[in-house]
Structures are given as structure tokens and as C-alpha cells.
Amino acid sequence: MRIAVVADGEGGGWLQELGTARPERVPDLAEAVRDRENAAGPPPRWVWDAWEDLYPDLVRAGVRVRRSHDTALTEALLLGHDGRHEEPHSLGAVWARLHGRPVPDDPVRRTGEGAHAQPALFGADRSTLPPGTDRLAALAEVHDDQVRRLEALTDSGGLRLLAAVESAGGLAAAEMSHDGLPLRPDIHDRLLTELLGPRPVAGQRPAVLADLAARIGDALDQELNPDSPSQVMRALARAGHPVPSTRSWVLREVEHPAAPLLLRYKELARLHSANGWAWREQWVSERPGPGGVRLGRFHPDYVVAGVVSGRWATRGGGGLQVPKALRGAVRADPGWALVRADAGQLEPRVLAAVSGDLALAEAAAEEDLYARLAVHVGGDRDRAKIGMLAAMYGQTTGDAAPLLATMRRLYPRALDHVDTAARAGEEGRAVRSWLGRTSPRPHGWDTLPSGTEGDRTRRAQGRFTRNFVVQATAAEWASVLLAALRVRLARLEPALPEGAGVVFFVHDEVVLHVPADRAEEAVRAVAEAERETRELLFPGSPVRFPLVTTVSDEHSQI
DNA sequence: GATACGGGCCAC
DNA sequence: AAACGTGGCCCGTATC
Numbered sequence: 064m065r066i067a068v069v070a071d072g073e074g075g076g077w078l079q080e081l082g083t084a085r086p087e088r089v090p091d092l093a094e095a096v097r098d099r100e101n102a103a104g105p106p107p108r109w110v111w112d113a114w115e116d117l118y119p120d121l122v123r124a125g126v127r128v129r130r131s132h133d134t135a136l137t138e139a140l141l142l143g144h145d146g147r148h149e150e151p152h153s154l155g156a157v158w159a160r161l162h163g164r165p166v167p168d169d170p171v172r173r174t175g176e177g178a179h180a181q182p183a184l185f186g187a188d189r190s191t192l193p194p195g196t197d198r199l200a201a202l203a204e205v206h207d208d209q210v211r212r213l214e215a216l217t218d219s220g221g222l223r224l225l226a227a228v229e230s231a232g233g234l235a236a237a238e239m240s241h242d243g244l245p246l247r248p249d250i251h252d253r254l255l256t257e258l259l260g261p262r263p264v265a266g267q268r269p270a271v272l273a274d275l276a277a278r279i280g281d282a283l284d285q286e287l288n289p290d291s292p293s294q295v296m297r298a299l300a301r302a303g304h305p306v307p308s309t310r311s312w313v314l315r316e317v318e319h320p321a322a323p324l325l326l327r328y329k330e331l332a333r334l335h336s337a338n339g340w341a342w343r344e345q346w347v348s349e350r351p352g353p354g355g356v357r358l359g360r361f362h363p364d365y366v367v368a369g370v371v372s373g374r375w376a377t378r379g380g381g382g383l384q385v386p387k388a389l390r391g392a393v394r395a396d397p398g399w400a401l402v403r404a405d406a407g408q409l410e411p412r413v414l415a416a417v418s419g420d421l422a423l424a425e426a427a428a429e430e431d432l433y434a435r436l437a438v439h440v441g442g443d444r445d446r447a448k449i450g451m452l453a454a455m456y457g458q459t460t461g462d463a464a465p466l467l468a469t470m471r472r473l474y475p476r477a478l479d480h481v482d483t484a485a486r487a488g489e490e491g492r493a494v495r496s497w498l499g500r501t502s503p504r505p506h507g508w509d510t511l512p513s514g515t516e517g518d519r520t521r522r523a524q525g526r527f528t529r530n531f532v533v534q535a536t537a538a539e540w541a542s543v544l545l546a547a548l549r550v551r552l553a554r555l556e557p558a559l560p561e562g563a564g565v566v567f568f569v570h571d572e573v574v575l576h577v578p579a580d581r582a583e584e585a586v587r588a589v590a591e592a593e594r595e596t597r598e599l600l601f602p603g604s605p606v607r608f609p610l611v612t613t614v615s616d617e618h619s620q621i
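According to my numbering, the first sequence is numbered sequentially starting from 64.
Here you go:
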């Protein structure tokens with residue numbers, strides 16, 4: 064059963080069971096969705112324009128659903144598959160194309176508009192439909208059109224699966240953003256104070272940074288702002304140490320007393336500006352916990368498939384770059400546990416699976432793929448890893464060249480897979496992931512200049528498509544895993560308490576926060592989700608995707 | 001005062 | 001040792 068749903072902006076909305084029933088007006092949308100979700104029988108698939116506009120409000124109202132069809136995410140996949148990445152994909156745009164009307168631009172979403180935003184009672188209409196249009200009818204029409212287009216594809220199975228798991232990703236994103244990653248404010252504070260000194264008044268440099276800046280000035284015989292690359296370069300040049308840039312690896316080679324001070328300053332300044340006290344105030348919610356502890360939750364705004372490869376992005380808060388120095392502050396609540404599952408060496412394993420390279424698959428059947436590669440290559444593990452990464456990223460300089468030759472001989476099908484993708488990119492053609500996500504063609508390709516400049520662009524596009532076939536498929540593996548894990552966690556008996564489940568996701572890693580006595584079940588659910596993912600994506604392949612799963616009260620304990 | 005852009009560094 | 005893919009974000013600087 065599929066139920067189309069639109070909100071009225073006042074807490075109510077309209078529902079329609081597609082194909083059979085008539086539209087129905089409901090005064091309380093959350094209650095209506097909850098009732099139908101909890102009804103006997105298989106769960107409905109909720110059809111809506113964009114998860115960001117509806118589901119965060121449902122989650123805030125305590126409602127969770129199991130399945131959805133997100134027309135905006137699906138449309139982006141369909142358009143991309145057709146080589147039309149740049150065309151708008153919101154509901155109004157699809158409807159306009161169906162009716163030969165002018166196509167509206169997609170709405171611009173700003174920081175703080177997603178799950179992190181204040182309750183909005185199923186906010187204003189973001190569909191971009193013309194005023195007065197029957198939104199429910201338009202949604203049903205667009206849904207039917209998308210189903211038809213998906214079925215018409217020759218490789219429809221892949222893209223249908225991708226649309227389904229990506230829609231589920233929207234559900235997971237809203238739920239994770241709502242629940243948040245547990246982060247203890249007091250520990251975060253302690254880490255910052257140890258490194259930077261006590262919290263300064265707004266706009267001031269913390270004591271440690273101010274001291275470093277002064278010592279840098281002394282060492283270079285002039286006052287300067289260490290945050291200004293041009294000032295630093297000028298001062299170093301005057302001191303007899305000209306540098307081409309102030310990048311850390313450049314500074315590391317400079318033999319001047321100011322260099323180590325500058326490096327330390329840059330490291331700490333970044334921590335302060337990117338993840339300091341101001342960051343915590345904006346992105347980490349706080350509430351009292353048992354025994355007087357303050358409990359915090361980091362709430363990033365996820366952007367599902369926000370990256371061309373289908374990886375997720377985040378909007379604000381730097382959600383995908385929680386620095387290692389800070390992970391000690393990520394702690395389970397008292398009596399709860401963090402379950403962290405990390406897919407190690409995901410991309411080379413994906414390459415082994417999609418290329419069907421038997422030798423690489425044999426290595427990918429091992430727990431440590433790179434160690435086995437080293438045996439094949441006859442060198443050490445680090446060199447084997449460099450060679451593999453060079454093949455997937457398109458590196459040609461430095462150490463990589465001789466290693467690549469070895470790789471090409473040992474893993475011909477794997478290398479042919481990425482080389483073929485690279486050639487497509489260099490020739491301006493698109494490539495597809497395992498499930499059918501399609502690479503965009505670069506802007507202005509047809510007017511590319513001949514000669515060096517054009518060649519550089521062509522080679523860069525080759526590296527992009529070379530990497531796309533691997534990275535985009537790895538992102539699909541992660542999406543399927545997340546969707547499968549969500550389903551399994553929802554099926555646990557007795558149900559997990561409010562706020563328990565997946566609380567963080569970044570590319571190839573998930574973090575779950577569960578009551579300590581449910582951690583074993585959570586670990587089992589992760590393992591089962593991995594098996595299901597592998598069987599769904601690569602049935603019969605010997606490639607393994609080992610998930611390193613750790614249970615602790617702390618994120619940094621690995 | 002707002003905006004655009006590049007440098008630099010964080011993550012996977 | 002430092003060009004090799006995808007990003008986000010802060011800062012300084014230039015510009016309107």
C-alpha cells in the first residue's frame with residue numbers, strides 16, 4: 064500500500080491511498096500517519112515530495128515510519144540517469160515538465176532548515192507547484208510517472224533499489240539528526256580548556272593561542288596575525304626562509320624557531336574555530352541527565368546524496384568531520400552503550416566485487432585486504448595500499464607509477480574496470496555506479512579548449528569518473544546497509560526505547576546508541592544487515608565486507 | 001556591510 | 001613526499 068501525503072502547514076494535511084481510495088483530509092497529520100503505520104498488515108510506503116519538509120516534524124511528534132518514496136531524491140536519480148543532472152527535481156519541477164509548463168528552480172535550503180530547525184508544524188509549502196494546484200493530485204501523478212520511468216529502464220532493478228534505500232536514507236537522516244550523537248559537554252569543555260586555556264570572552268583569542276601568537280611575533284621580530292597566510296609568508300621571507308605557501312607540510316621543513324610555533328598555532332586555532340565553544344553552542348543540545356551529569360547531543364543536518372557520488376553531506380556543524388581530537392567527548396549516556404561499526408577497506412572491496420577480478424576478490428575475502436595484497440605484490444603492506452589507492456584515485460606521480468604496473472599485471476580486471484571508467488571521463492562520457500547512479504558531465508565540456516588547458520580538464524574528469532565507479536558504489540553499499548539496519552532495529556522485541564538506534568553515519572561508519580543490555584542485539588543486527596547488504600548487492604561474490612564492530616561507552620575507544 | 005573567492009585543514 | 005577522489009567550514013582578503 065502506498066499513501067501519498069501532503070501537509071497543510073497548520074498541523075493537518077491530506078492523505079490518499081494510491082490507486083484505490085479518495086483523498087482524505089486529516090486534522091492531525093502526525094496522528095493520522097501513526098494510526099496507519101501501526102495498522103495491521105505490511106507497513107505502508109509513504110509517498111512525499113521531500114523528506115526534509117515532512118519527516119522531521121513527524122519524528123518530533125514521536126512518529127516513525129518504516130518505508131517511503133521520496134519523489135525529490137528519486138527524480139534526481141532518474142534525471143541523472145538521463146544525463147540531465149542540472150535540471151530541477153522538486154515536485155513542482157517534475158509536474159511542470161509533465162504539463163509542458165515553465166519549470167521552477169528548486170528551493171534553496173539553508174543551514175538550520177532541516178531536522179535541526181525549530182518545530183514548524185509541517186511548515187510552508189516547499190513543493191514549487193503553481194499556487195492553487197491540487198498538491199496531492201500532483202504528487203500522485205508524479206509518483207506514477209516515476210514508477211513508470213523506473214520500470215522502463217533496462218537496468219531498472221538497480222535504480223529501483225537505489226531509490227528505495229535512498230528514500231529510507233531520508234528517514235534515517237531525520238531520525239539521527241533528531242536523536243543526535245551523544246557528546247558530553249563537560250568533557251568537550253575539559254578537552255578544549257586543556258588545549259586552549261579557559262573559554263575566552265566572545266571574539267577574543269584563547270590564552271594559549273594568544274601566547275603562541277606573541278611568541279611567533281617575537282621569533283620573527285614583528286607582530287603578525289598567524290591566521291593570515293600572506294603575513295606569515297612575508298615575515299618568513301624577511302627572516303631568510305622564503306616559502307611557497309604556509310601549508311603544514313611546507314612549514315614542517317622550515318628550520319626556524321617560528322615554524323613549530325606556527326604549526327601548533329594552526330592546529331589549535333582550527334580546533335577552536337571549527338569545533339570550539341561556539342560550535343557546541345550552535346550544534347550541541349544539552350539537558351540534565353542522571354546524577355547531575357549534563358548530557359549533550361550533536362545534531363548535524365544531513366543532506367542525503369548531497370555529494371555527486373551519492374555520499375551524504377551535512378549542512379552546518381561540520382557533521383562529517385568530527386575531529387579525532389574531540390571524539391573522547393562522544394560518550395554513551397549512563398547505562399547505555401555506543402556500538403560503532405566501521406566498514407574497513409570498503410572501496411577496494413567494492414572494486415573487487417564490481418570488476419569480478421578473481422585475484423583481488425581472493426584478497427578481499429580476507430579480513431585485511433592490504434596485507435594479502437602485500438603478499439601478492441611482494442612488498443610491504445603500506446606500498447600495496449598506496450598502489451591500490453593510486454589505481455582508484457588516478458595518482459600517477461611519485462611512488463605510484465611502478466606500483467601501478469604491478470597492480471595492472473596482478474589484478475587486470477580490476478584495473479581495467481577503473482581504467483575504462485577513466486577513459487570514458489576523458490572522452491566526456493558518463494559512467495554509472497553498480498546500481499545505476501550516473502556521473503554528471505562537466506559544465507562547458509563541448510567548448511573545452513584544445514591544448515594543455517583542455518588536456519588538464521580532460522585528465523581531471525578521467526580521475527573523477529575513475530573514482531566515481533568505486534566511490535558511488537561504496538556509497539550504495541552504505542545506503543543499503545543503513546536501510547537494512549533500520550529495518551532490523553525496528554523489528555527488535557521488545558522495542559528499543561525512545562532515542563535508541565543509529566545516531567551517526569559517515570560514509571562507511573555507523574554509530575548506535577542503545578541501552579547497555581541491548582548492545583549485543585544491536586551488534587547482531589549490524590552483522591545481519593551486512594549479510595543482507597552483501598547478498599542484495601553482490602550475490603555469489605566471494606568478496607567480504609568485514610564490519611569492525613566495537614561496543615564501548617566512548618567513541619574514541621576503538 | 002554584504003558578498004565572493006582562495007588558502008588551508010578537517011573528515012572519509 | 002606532498003596533486004590523488006569526494007566534500008565542509010573558517011579565515012583573510014578583495015571587491016562592490
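Cβ atoms here follow ideal geometry from the backbone N, Cα and C, with glycine treated the same way.
- Counted as a single uninterrupted DSSP element, the stretch harbouring arginine 504 is not any alpha helix (DSSP H), since DSSP gives it neither H nor E.
- Per DSSP, alanine 428 lies in no alpha helix (DSSP H) and is assigned neither H nor E.
- Just measuring C-alpha positions, the residue of Ala113, Leu334, Leu244 and Val68 sitting nearest leucine 254 is Leu334.
- Residue state for proline 386 is assigned as coil, using DSSP reduced to three classes.
- Contact between the region 392-412 and the region 577-584 is present, with at least three C-beta pairs closer than 8 Å.
- Contact holds between the region 483-494 and the region 515-525, because three or more Cβ pairs, one in each stretch, are under 8 Å apart.
- Alanine 235 and leucine 544 have their C-alpha atoms roughly 11 Å apart.
- Counting other Cβ atoms within 10 Å of its Cβ, aspartate 91 stays below 16 and is therefore classed as exposed.
- Assigned with DSSP and collapsed to three states, aspartate 91 falls in coil, not helix or strand.
- Pairing leucine 78 with arginine 268, the inter-Cα distance amounts to about 54 Å.
- A contact is defined here as three or more CB-CB pairs under 8 Å, and the region 539-553 meets this definition with respect to the region 216-230.
- DSSP places histidine 335 in no beta strand (DSSP E) but in the uninterrupted alpha helix (DSSP H) bounded by 321-338.
- The closest CA to that of arginine 378, considering only Asp274, Gly391, Trp346 and Leu389, is found on Trp346.
- Going by beta carbons, alanine 416 and serine 604 fall inside the 9 Å limit.
- The three-state secondary structure of proline 560, taken from DSSP, is coil.
- Leucine 246 is positioned such that its CB atom lies closer than 9 Å to that of alanine 392.
- When only Cα atoms are considered, arginine 360 and glycine 243 end up about 5 Å apart.
- By the 16-neighbour rule on beta-carbons within 10 angstroms, valine 295 is buried.
- Counting the other CB atoms within 10 Å of its CB gives leucine 161 a total below 16, which places it among the exposed residues.
- Going by C-alpha positions, arginine 519 is about 34 Å away from alanine 322.
- The C-beta distance from leucine 81 to alanine 203 rounds to 6 Å, short enough to fall under 8 Å.
- Taking 9 Å as the cut-off, the Cβ atoms of arginine 551 and alanine 592 count as close.
- The straight-line gap separating the alpha-carbon atoms of phenylalanine 608 and glycine 514 is approximately 43 Å.
- Residue range 198-215 is occupied by the alpha helix (DSSP H) that includes histidine 206.
- Here the C-alpha atom of tryptophan 375 lies approximately 13 Å from the C-alpha atom of threonine 536.
- Of Ala302, His206, His439 and Tyr433, the smallest CA-CA separation from serine 153 is found for His206.
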